[in-house]
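Enquirer: In the working numbering, the protein residues as written are 27 to 592. Ideal placement from N, C-alpha and C gives every residue a C-beta, glycine not left out. These figures come from a predicted structure and were not determined experimentally.
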Amino acid sequence: MYYMIPAGQQFYALPPGTITDAHHKHKLKGIEFASGQTDTNTLPLVVETFFSKGAKYTNAWSVAADGSRTLLTDQPVVEADYEYELYRRATALYNTCPSDGYEMLRFGRVLSAPATLSDDACATWVQVTFAPGKPGYIDINTAAIKKLSDADFPSFMGWQKLGDGNTPFGSDGLCDFDALKKIVGDAADSEKPTVSTATTEVQKAGVLSDYVKGNDGVRQALRGFICNAPSEWDSTNNETRYAKLLDEGGFYHGNDEGYNKFLTYLKEIQFWDVTGLPAGQKLWFFHPLAFIRHFRKCDWLNLNEQTQLLPRRSMPDAGGVISWTLSNTRFSQGASHEGGSSPSGLYLALNRMNQKYSFSGSLRKAHFLGQVFKETGALRSTVENGDAEYFRKMYENYTASDAAYDFDHKHEWIKRLGFLKNRDRATYIAQRPGEVHSKAVAGGNIQPGDGLRFCGRGLIHLTWRIGYYGYGKYRAKDYTTDPNSTIIQSDAEAAADSAGYFWVKTRINKKADHGSSNDDVKACFGLVGGADGLAARQQFFRYAYFILNDVPTMPVENGLARQTEE
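(1) Take residue 522 and list the residues in its own chain whose beta-carbon comes closer than 6 Å to its own, dropping the five residues that flank it on each side.
(2) According to DSSP, is residue 219 part of a helix, a strand, or is it coil?
(3) Residue 162 bridges to which residues according to DSSP?
(4) If I follow the unbroken alpha helix (DSSP H) through residue 459, where does it start and stop?
(5) If you measure between the beta carbons of residue 406 and residue 358, is that distance less than 9 Å?
(6) Out of 75, 265, 261, 284, state which residue places its alpha-carbon closest to the alpha-carbon of residue 297.
(7) In three-state DSSP terms, what is residue 279?
(8) Mapping the DSSP letters down to three states, classify residue 313 as helix, strand or coil.
(9) So, at 6 Å on beta carbons, what are the nonlocal neighbours of residue 2 in its own chain, with the 5 sequence-adjacent residues on each side left out?
(10) Determine, using beta carbons only, whether residue 399 and residue 481 come nearer to each other than 9 Å.
(11) With distances taken Cα to Cα, identify the nearest neighbour of residue 28 among 96, 168, 174, 205.
(12) Among 300, 252, 34, whose alpha-carbon lies nearest the alpha-carbon of residue 170?
(13) How would you write the range of the beta strand (DSSP E) that residue 254 sits in, first residue to last?
(14) Pick from 565, 462, 318, 74: whose alpha carbon is nearest that of residue 425?
(15) Is DSSP giving residue 213 helix, strand or coil here?
(16) Where are the alpha helix (DSSP H) runs, 4 residues long or more, that stay fully inside the segment 376 to 413, in chain order?
(17) Is residue 588 buried or exposed, if buried means 16 or more other CB atoms sit within 10 Å of its CB?
(18) Between the beta-carbon of residue 113 and the beta-carbon of residue 533, is there less than 9 Å?
(19) Could you tell me whether the segment 315 to 327 touches the segment 270 to 287, using the rule of 3 or more Cβ pairs below 8 Å?
(20) With 16 as the cutoff for other CB atoms within 10 Å, does residue 575 come out buried or exposed?
(21) Assuming residue 498 contacts residue 506 (C-beta within less than 8 Å), just tell me the rounded distance between them.
(22) Short of 7 Å in beta carbon distance, which residues of its chain neighbour residue 202, apart from the five on each side in sequence? Order them along the chain.
(23) Nearest by alpha-carbon distance to residue 572: which of 372, 450, 118, 543 is it?
(24) If you follow the alpha helix (DSSP H) that residue 116 is part of, which residue opens it and which one closes it?
(25) What are the boundary residues of the alpha helix (DSSP H) that residue 125 is part of?
(26) Is the number of C-beta pairs between the segment 263 to 276 and the segment 233 to 252 that are closer than 8 Å three or more?
(27) Could you check how far apart the C-beta atoms of residue 50 and residue 44 are, in whole angstroms? I think they sit under 8 Å.
(28) Go ahead and pull the three-state DSSP assignment for residue 42.
(29) Between 381, 433, 479, 389, which lies nearest to residue 412 when the distance is taken from Cα to Cα?
(30) Which ranges does the alpha helix (DSSP H) cover as unbroken runs of at least 4 residues, wholly within the segment 525 to 587, from first to last along the chain?
(31) Cα separation between residue 217 and residue 226?
(32) Report yes if the CB atom of residue 259 is closer than 9 Å to the CB atom of residue 591, and no otherwise.
(33) With a CB to CB cut of under 8 Å and the five nearest residues on each side skipped, what residues in its chain are close to residue 324?
(34) Whole-angstrom Cβ separation of residue 77 and residue 384, contact assumed at under 8 Å?
(35) Verify whether the separation of the beta carbon atoms of residue 354 and residue 329 is less than 9 Å.
(36) What separation, rounded to the nearest whole angstrom, lies between the Cα atoms of residue 219 and residue 313?
Here is the structure:
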């Protein structure tokens, strides 16, 4: 995230409303803030913030009148555990709608629509170094401060758009040396070449080449050029583009026959007419390596990329056999056609959830997907399997006769789920009903039908009335009044967002960031909750981690096969 702060803005030593407690800690609504300085910034500022492994990092530059920047932070200012604490900060500072508050803290703006928070309720106090050795707090929600991201290709990060008004290129596609120097700001005055003796196009090209090759600053500036120009593979502009070849000093001067043969050959190898794209229009050109490096920051996965995340074959307890078409359909259209219960549009909802909750990088994504794929039966269902009777017994009311029947007829099942606890029949019948009742009361399931009403829903199965209520309070929505509880199951955005909410609320990223071992998957599973399926979660994780990392060789596992397009 980037913030452009105009000159003359007010910075505070502490956010207004902060109080100092008995332990001399400065807190606003229970959130601690380190003290800074009160003053105004004399120069405009550019601020960059990013997160890594739970910490928040901030850089700041002052911007002089000529556009040059001076770094005010020798090293990025670190706020340890800031990201891991984002949920807690959001719920404390934005109790009207913590979900919007989470986005304010994460992006400096609310991306979800429609936004619940507005005006003063969006106040977001960020510590920024506004002068050498002077940190202070400023509300980045104000209209005067411009908020940007990498998707905006900010000019202060080296990007520069070149069009008709500021191009160094003529209609012939050749670069004008003086115009180029002006655009790049003459990065190295001491290395300016002398061009007065350069008269022919070949000589000018040589001077230009020497200038670029001998100047690191110029080459760096060129990497940030985003040029709007016609394609050389489009024959529409051939006569205009190459007319100078006939001028005195040009390659075909006095040789019309050669020039015409050249145009004929050129048109034979130009392929624009078979692309299906409109002819005679300009395109956007990037430096190839700069483009690739920049776009690798983008974590958005298209439908075909997400389709690869479900293995074609895995252990029976995981996904089993899943064709390309079936995987693609589950991500895009849901699973109702195959008797499942998952909504359409999950691949879009997953992308937005990844962005909001900072599932950046392959490690976090793979840990999340490893849990989600098992929870949902490889995206087959966003609601827990079972009928009303099952959910009554699990989450509402479990009688002694229920306990006796399950002990006699479902002994292995209750043992596998961890309910038996090595108890004999009489002890299980005497104790298990009370355990279920205590959990139901603690979870808020006190009304008839609450077991079914608040069964597990979403990509990570949100459960219990108290769980639905908590998520509703976070989103400023109602998920407890019938039939709203089913929204978490039937709406892709709610199904995905509720999983992201649960993940950050439970601070699972702190476990996920630790590593990629089986024990790390087990640690995440311990916070997700559940009684079984660890091996399947581990296999799902390993496979997703392999796909997301673009590793050329898939781990060899019995029964595991990579998804392939049919």
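Expert: Well, looking at it:
(1) When the five nearest sequence neighbours on each side are left out, the beta carbons in the same chain lying within less than 6 Å of the beta carbon of residue 522 are those of 375, 376, 379, 485, in order along the chain.
(2) Low per-residue confidence applies at residue 219: pLDDT is 49, beneath 50, and the placement is therefore not dependable, though the value from the model is reported in the following sentence. Three-state result, residue 219: coil.
(3) 154, per the DSSP bridge assignment.
(4) Element bounds for residue 459: 451 to 468.
(5) Residue 406 places its beta carbon 9 Å or farther from that of residue 358.
(6) Of the listed residues, the one whose Cα sits closest to residue 297 is 261.
(7) Reduced to three states, the DSSP call for residue 279 is coil.
(8) If DSSP states are grouped into helix, strand and coil, residue 313 belongs with coil.
(9) Since the displayed the chain opens at 27 and closes at 592, residue 2 lies outside it and no answer follows.
(10) Taking 9 Å as the cut-off, the Cβ atoms of residue 399 and residue 481 do not count as close.
(11) Answer by Cα proximity: 174.
(12) Put simply, of 300, 252, 34 the residue whose alpha carbon is nearest the alpha carbon of residue 170 is 34.
(13) 251 to 256 is the span of the beta strand (DSSP E), which, as asked, contains residue 254.
(14) Nearest C-alpha to residue 425: 462.
(15) Because residue 213 sits at a pLDDT of 49, beneath the cut-off of 50, its placement in the model cannot be relied upon, and the point is left open.
(16) Runs of the alpha helix (DSSP H) inside the segment 376 to 413: 388 to 401.
(17) It is exposed - the Cβ of residue 588 has fewer than 16 other Cβ atoms within 10 Å.
(18) The answer is yes: Cβ separation under 9 Å.
(19) Not touching, per the Cβ criterion.
(20) Per the 10 Å Cβ criterion, exposed.
(21) About 6 Å separates the two Cβ atoms, so the contact holds.
(22) So the list reads 194, 196, once near-sequence residues are dropped.
(23) Measuring from the Cα of residue 572, the nearest candidate turns out to be 543.
(24) Residues 112 to 119.
(25) Annotation for residue 125: the continuous alpha helix (DSSP H) segment containing it runs 124 to 133.
(26) No, the segment 263 to 276 is not in contact with the segment 233 to 252.
(27) Actually they are not in contact, since the Cβ atoms of residue 50 and residue 44 sit about 12 Å apart, beyond 8 Å.
(28) Here residue 42 sits in coil by DSSP.
(29) Distance from the Cα of residue 412 is smallest, within the candidate group 381, 433, 479, 389, for 479.
(30) Within the segment 525 to 587, the runs of alpha helix (DSSP H) that reach at least 4 residues and sit entirely inside it are, in chain order, 534 to 538, 544 to 554, 560 to 574.
(31) Confidence is the limiting factor: at residue 217 the pLDDT is only 48, short of 50, which leaves the residue's position unreliable, though a coordinate-based value still follows. Cα to Cα, the separation comes out at about 22 Å.
(32) Cβ distance not < 9 Å, so residue 259 and residue 591 don't count as in contact.
(33) Same-chain partners within the cutoff: 176, 177.
(34) Correct: roughly 6 Å between the Cβ atoms.
(35) Their beta carbons are under 9 Å apart, which means residue 354 touches residue 329 by this criterion.
(36) Low confidence applies to residue 219: its pLDDT is 49, below 50, so where it sits in the model is not reliable, and the reading given next is rough at best. C-alpha separation (whole angstroms): 24 Å.
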